[in-house]
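I have placed the structure first, in the form of structure tokens, so that the comments after it can refer back to it.
Protein chains: 4
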Amino acid sequence: MFPLFLTAMIIVTKPNATEDQIEHIVDRIKEWGLHAEVSRGALRVVIGVVGPEDTIREKPLAAIPGVESVTPVLKPYKLVAHEFRQTASLIDIGGVVFGGPQVVVISGPCSVEGREQIISIAKDVKKAGGRMLRGGAFKPRTSPYTFQGLGVDGLKLLAEAREATGLPVITEIMDTKDLEVIEQYADCLQVGARNMQNFALLKEVGRSKLPVMLKRGMSATIKDLLMSAEYILSEGNFNVMLCERGIRTFETYTRNTLDLNAIPVLKRETHLPVIVDPTHGIGIREHVPAMALAAIAAGADGLMVEVHNSPELAKSDGDQALLPDEFEDLVKRVRAVAEAVGRSV
Amino acid sequence: MFPLFLTAMIIVTKPNATEDQIEHIVDRIKEWGLHAEVSRGALRVVIGVVGPEDTIREKPLAAIPGVESVTPVLKPYKLVAHEFRQTASLIDIGGVVFGGPQVVVISGPCSVEGREQIISIAKDVKKAGGRMLRGGAFKPRTSPYTFQGLGVDGLKLLAEAREATGLPVITEIMDTKDLEVIEQYADCLQVGARNMQNFALLKEVGRSKLPVMLKRGMSATIKDLLMSAEYILSEGNFNVMLCERGIRTFETYTRNTLDLNAIPVLKRETHLPVIVDPTHGIGIREHVPAMALAAIAAGADGLMVEVHNSPELAKSDGDQALLPDEFEDLVKRVRAVAEAVGRSV
Amino acid sequence: MFPLFLTAMIIVTKPNATEDQIEHIVDRIKEWGLHAEVSRGALRVVIGVVGPEDTIREKPLAAIPGVESVTPVLKPYKLVAHEFRQTASLIDIGGVVFGGPQVVVISGPCSVEGREQIISIAKDVKKAGGRMLRGGAFKPRTSPYTFQGLGVDGLKLLAEAREATGLPVITEIMDTKDLEVIEQYADCLQVGARNMQNFALLKEVGRSKLPVMLKRGMSATIKDLLMSAEYILSEGNFNVMLCERGIRTFETYTRNTLDLNAIPVLKRETHLPVIVDPTHGIGIREHVPAMALAAIAAGADGLMVEVHNSPELAKSDGDQALLPDEFEDLVKRVRAVAEAVGRSV
Amino acid sequence: MFPLFLTAMIIVTKPNATEDQIEHIVDRIKEWGLHAEVSRGALRVVIGVVGPEDTIREKPLAAIPGVESVTPVLKPYKLVAHEFRQTASLIDIGGVVFGGPQVVVISGPCSVEGREQIISIAKDVKKAGGRMLRGGAFKPRTSPYTFQGLGVDGLKLLAEAREATGLPVITEIMDTKDLEVIEQYADCLQVGARNMQNFALLKEVGRSKLPVMLKRGMSATIKDLLMSAEYILSEGNFNVMLCERGIRTFETYTRNTLDLNAIPVLKRETHLPVIVDPTHGIGIREHVPAMALAAIAAGADGLMVEVHNSPELAKSDGDQALLPDEFEDLVKRVRAVAEAVGRSV
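Protein chains in written order, with the working numbering: chain U, 58 to 402; chain Z, 58 to 402; chain H, 58 to 402; chain R, 58 to 402.
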């Protein structure tokens, strides 16, 4: 179905590996239908293994006696890779196009808290230049004793806010059971950082007709993120956007370490659009704008920024949301930087 | 004076906070029914906030103008804490007791691959002194192109292996949809590291009649692990065991960094049993025994160790599984160390 | 000499702390001339400790029996803090001013390798718009078997390059013994990431007449960086620039994780100029420009970028240096982004 | 076939690399006297490069146009490697032998604070079964405003304590300038974690007649630690011990994350003795014993544990030092675990 992708592994033997062991390694490799290339050094033998990746990946090469290390030299993902699709993927969500020359700003509150709150904020977002509305109905919270979201009622309010403003809406899915109901109300699914390797969920959204924004897990490498996206594409859903939202490091001043290095790396590795969430990334309201501007300068295709009209009274993450007028000011500054790097908002 | 589970937060104001702002902060705190204690320094004001934790946790203190930082000084978890239950929780699974003076060794293959494989390994585990059988039926794999487990057929084979040996069985749950079928066949649920903050799943297993082993996420702090356990207990299921299985650090020589520091810390913080998985923790077969012995010396209540009778042919994680005779030797050495620290196997 | 800075610590007692222990804690605090504020909860007692920071920092509060935790609530640094100096420090090095409205680009090769190399590159740097020349004479290399720099001969060549171009020069100091000779030839000292907590060296450069660029250590928090700068200022040298150059995380795709979050945080915490080194930060030549532009958008006062006229033949770090024409192109793009955020180059 | 210490690198070309580029890569490799092995895949070419390590390490392979990645497959260190010396190195310091069947416990206060303090503690250490005395005279402190050690007076007091007890003494060197004076008084040099990559200092202690204990840096990989040890051995000093003392991770409950995984890995990679410092490693007094026992079970050759007779009054690190009777109890428990793993104390 998909083109064959060559993979290679480099096996290094232990210094005391016997001739019998080396022969056994080579035999195994050949038995599995792979190609082996042997180079002998004074202390060790280096064996290159080449073959179709689906075969090579399955095989426990390091378990063969006499093997010291096994090093992959090619990438484990294919559908998400630029080698598979040379041009950038454009993802159209209700007329808003991600991945093209225009930078898209998504905004809204952390949680949908009530009709007045979400509609008022949606209008503020639209007025300021935001193009898509975010809002959580099912909330992943670290503590079981905090606000867990309005559930289906929250989804209905999001749909009302879309009618009131024309903005398409994105909301987080946390459980495979909720897919059907979310599909009725939302325009785009969000898979959160804590579920980035919830493979049951990835497969389920891979079968959805809605596009998916996949957020990077707190300890996920760029490669892990791409492998999780590969799960969704491999089920047939190619409308996937990747979102950098901060990784966990030893630094404690900021909530997370927003890893902007991921932007140029992802733009080179994959054809999928790359969005940045500076709000969760740095987690400190006054520093959100600096990181948003930096993300655009580094080449991001969009931003997701939290806005609340009354952060002091917010039921979640009030500490990091921008006020509507701060957001309006930010969009202006984002526009200036986008133009400086040859894009628009 | 304060209700049980008092929480406190320390607010520090910005150097340029106005008197009006400070008054507003104190007013907000009082409005929320909390107690405020103000200390004035040369440049900043320090305000202690004390009150019932469910209230205090909800409030976005850092969003109030003039606030520079908010620092919690008491713990956010309660049911899992030693303050809630002074004595160690004993968890009896098919006659095997976790959390008592005896150290329990769980073992088995990464995945159930077939009848002969699982029954043969189960017998090896039992003979060597293992007390519970592990085996994956639903497999969380980083790549969508690798072996994903036998599913319900795997569960049935686990139940057969239990009948053949008398060992209770533990298997991983990855999706809320699978709970019912797993409950039919297994004796203990495992929530994997990648799902440690899959809150929908935590709530679901919190309503199960089966005990749960919760594995620490790769970037989860000890506090995060306890908060996730709190989710399960808060739904009514108190039969929870915690499992340290390695965290993600900058070190690349080992697969993960098995964090044995978590053992004494968890034993002090919580009444729940603490299990250690050295196989995934260090991820290198020849170093698994050293880490297993160290875990017991540090005070772990049990071990989970992967065994395979033919690692070269294993469908997953063959690189790190012990051979049956290596496992038998390990159990002997574990016994010696357990006795040196006043326990038994 | 310096104004008194209030520090506060919050002590939380163990749940089983006795009245005698609590009394002893309070007595100790008073004996040390500090102020104690006691709040009693159901399970624990919270004691606020306030006093002059030099006193409070010395005292092993956590060693007093009955104490569970000690949490500092104010900052441990003073001379580097914005509270000490409200306005940005301007540092003039041979007529080039750091910390003002103009963004400064420093550039040059990793190592000085010979007269022709350094003079040719210096001319390229100047022509493209670089304002200061970098070049290593004493090289910190991970392996003892690689090129260790030209030493004093390298310093002399740097001075020649300055004469040829008018660019002031910066070079790394690795040993207190070398200060005198480096002072003869260079205009600015660099303390490298691996020596950020070499306190003997920090004190020595704190007594130098030359300005110092202090690079952030690979595992140094922002607070650690500020404390190391505090060492230099406390010896009397206030001409210090801070340089973010990437931290060590679990990510392996990039050489380091350039932490741009540090820029807005440092600009808020300290009056010292903040420089960013995207070359070592991301460590991949083709991605250096994206990170350089992002750094400027985030508010950096300057950049340090490696350039080499023949990277294939470079004796160190050839893999990440830009070619002169790539550098010239970068400076143009930096200018556009600087202007978009209200600055110039 | 190849000279001792063969190194290999695997080059993978970019998907769009031209035939000319591939030819140029191979030409360069041959020009440098190295061997190139070319394998062609559908999208990329894989080139194995083999040759003498000193040559191969110098060359900027990744800087050649058309190269996508360069992966080393053999180790960069040699003198420290087990391939260089098959048997364990025994290091005799004043009659105390490190690296043999007997586990050695080093102990003493963080800092030498006065004659009575150091002599009294030294006697306690000896009585409890400690074999070597530690104590800092030059102290690396994060803040310039805290106690910096007694300097040469501290060294003299250490020497007095040695005379009083017969215990050899170890103390930290922070500056190349201090080597001569420390050599007069101490029996073993300690290079601290913050100076693990202070290469000027490593070279200097490599020329000393005293043995060296090299502590692992907070963000140093195991490979980095071995490379730093290689610096010392390459200058002629083969009496080097490695000390694991905790790495920096995202976990904040413990001061550092003591990485016991490093013990079996180091014992396999190198012939040098491996010591563990649980005091700084976990940084919480009550948990030091658990980590000390675990270190011995994992195969450590020795321990370094801080003891103070009056932690509340200690001038540094009082929070984590054991009391003399706690230390005495610990040595007994260490003995039991050492015997369980076939060693003695």
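For every residue, glycine included, the Cβ atom is placed at its ideal position computed from N, Cα and C.
Note that the structure is predicted; figures quoted are calculated from it, not measured.
According to DSSP, residues forming a beta bridge with residue i
| i | result |
| --- | --- |
| alanine 138 (chain R) | R:Thr327 |
| glutamate 229 (chain R) | R:Gln247 |
| valine 102 (chain U) | U:Arg97 |
| valine 161 (chain U) | U:Gly359 |
| leucine 190 (chain Z) | Z:Ser164 and Z:Val226 |
| isoleucine 86 (chain Z) | Answer is none; isoleucine 86 (chain Z) lacks a bridge partner. |
| histidine 92 (chain U) | U:Val107 |
| glutamate 301 (chain Z) | Z:Val333 |
Limits of the unbroken beta strand (DSSP E) element including residue i
| i | result |
| --- | --- |
| glycine 206 (chain R) | Careful: glycine 206 (chain R) lies outside any beta strand (DSSP E) and carries neither H nor E. |
| phenylalanine 307 (chain R) | Here phenylalanine 307 (chain R) belongs to no beta strand (DSSP E), and DSSP marks it neither H nor E. |
| aspartate 181 (chain Z) | Here aspartate 181 (chain Z) belongs to no beta strand (DSSP E); instead the alpha helix (DSSP H) covers 172-185. |
| threonine 336 (chain R) | Premise fails: threonine 336 (chain R) lies in the alpha helix (DSSP H), 335-339, not in any beta strand (DSSP E). |
Contact set for residue i: own chain, Cβ-Cβ below 8 angstroms, skip 5 residues either direction
| i | result |
| --- | --- |
| serine 265 (chain H) | Leu236, Glu240, Leu246 and Asn294 |
| proline 60 (chain R) | With a pLDDT of 31 at proline 60 (chain R), under the threshold of 50, the modelled position of this residue cannot be trusted; read the value that follows with caution. Cβ neighbours of proline 60 (chain R) beyond the five flanking positions: Pro109. |
| alanine 257 (chain H) | Thr233 |
| tyrosine 288 (chain Z) | Phe256, Leu259, Lys260 and Gly263 |
Interface residues of chain U facing residue i [CB-CB closer than 8 angstroms]
| i | result |
| --- | --- |
| methionine 348 (chain H) | Leu317, Asn318, Pro321 and Ala355 |
Neighbourhood of residue i by C-beta, 6 angstroms cutoff - its chain only, sequence neighbours within 5 removed
| i | result |
| --- | --- |
| serine 305 (chain Z) | One point to set straight first is that residue 305 (chain Z) is arginine, not serine, in the sequence displayed. Excluding residues within five positions, the ones whose Cβ falls inside 6 angstroms are Met275 and Ser276. |
| proline 166 (chain R) | Ile178, Gly192 and His365 |
| methionine 253 (chain H) | Gly274, Ala277 and Ser285 |
| aspartate 374 (chain U) | Cys167 |
| asparagine 296 (chain R) | Ile148 and Pro268 |
Residue-chain proximity (residue i, chain A), Cβ-Cβ < 8 angstroms
| i | result |
| --- | --- |
| isoleucine 279 (chain Z) | The question asks about chain A, but that chain is absent: this structure's protein chains are U, Z, H and R. |
Range of the contiguous alpha helix (DSSP H) that encloses residue i
| i | result |
| --- | --- |
| phenylalanine 384 (chain U) | 381-397 |
| aspartate 281 (chain R) | 279-291 |
| phenylalanine 155 (chain H) | Segment 153-155 is the beta strand (DSSP E) holding phenylalanine 155 (chain H); no alpha helix (DSSP H) there. |
| methionine 275 (chain Z) | From DSSP, methionine 275 (chain Z) is part of no alpha helix (DSSP H); its letter is neither H nor E. |
| leucine 350 (chain H) | 345-354 |
Neighbouring residues, chain H, relative to residue i (Cβ below 9 angstroms)
| i | result |
| --- | --- |
| threonine 311 (chain U) | Ile279, Asp316, Asn318, Ala319 and Val322 |
Listed by chain order, chain H residues near residue i by CB distance under 8 angstroms
| i | result |
| --- | --- |
| glycine 293 (chain R) | The premise fails here: glycine 293 (chain R) is roughly 12 angstroms from chain H at the closest Cβ pair, so nothing lies under 8 angstroms. |
Neighbour list for residue i in chain H, Cβ cutoff strictly below 7 angstroms
| i | result |
| --- | --- |
| aspartate 232 (chain R) | Thr233 and Ala257 |
Proximal residues to residue i (C-beta, below 7 angstroms), its chain only, five neighbours per side dropped
| i | result |
| --- | --- |
| isoleucine 79 (chain U) | Thr70, Val102 and Gly123 |
| alanine 355 (chain Z) | Leu317, Ile320 and Pro321 |
| lysine 196 (chain H) | Ser168, Phe204, Gln205, Gly206 and Ser373 |
| isoleucine 176 (chain U) | Glu217, Ala218 and Ala221 |
| tryptophan 89 (chain H) | Thr112 and Lys116 |
| tyrosine 242 (chain H) | Leu212, Lys213, Leu215 and Ala216 |
Cross-chain neighbours of residue i in chain Z, by beta carbon under 7 angstroms
| i | result |
| --- | --- |
| phenylalanine 307 (chain H) | Arg305, Thr306 and Phe307 |
Cross-chain neighbours of residue i in chain R, by beta carbon under 7 angstroms
| i | result |
| --- | --- |
| proline 368 (chain H) | Pro117 and Ala120 |
Interface partners of residue i on chain Z, CB under 8 angstroms
| i | result |
| --- | --- |
| valine 398 (chain R) | Leu350, Arg390, Ala393 and Val394 |
Proximal residues of chain U, C-beta to C-beta of residue i below 9 angstroms
| i | result |
| --- | --- |
| serine 285 (chain H) | By Cβ distance, chain U contributes nothing, its closest Cβ being about 15 angstroms from serine 285 (chain H), past 9 angstroms. |
Measuring CB atoms only, is the segment 349-360 of chain Z touching the segment 389-396 of chain Z, in the sense that at least three cross pairs come out at less than 8 angstroms?
Verdict: yes, contact present.
Answer yes if the segment 278-287 of chain U comes into contact with the segment 190-205 of chain Z, meaning at least three C-beta pairs across the two stretches below 8 angstroms, and no otherwise.
Segments in contact, yes.
Flag this pair as touching only if the segment 370-380 of chain Z and the segment 207-214 of chain Z have three or more C-beta atom pairs under 8 angstroms; answer yes or no.
At 8 angstroms Cβ cutoff, the stretches do not touch.
Within 8 angstroms, do at least three Cβ pairs link the segment 220-238 of chain U to the segment 216-223 of chain Z?
With the cut-off at 8 angstroms, the segment 216-223 of chain Z and the segment 220-238 of chain U do not touch.
Per the contact definition of three or more C-beta pairs closer than 8 angstroms, is the segment 148-156 of chain R in contact with the segment 338-355 of chain R?
Result no; under three Cβ-Cβ pairs closer than 8 angstroms.
Contact the segment 112-129 of chain U vs the segment 69-88 of chain U: 3+ CB pairs below 8 angstroms:
Touching, yes.
The segment 139-149 of chain H in contact with the segment 345-354 of chain H per 3-pair CB rule at 8 angstroms
Contact between the segment 139-149 of chain H and the segment 345-354 of chain H is absent, because fewer than three Cβ pairs lie under 8 angstroms.
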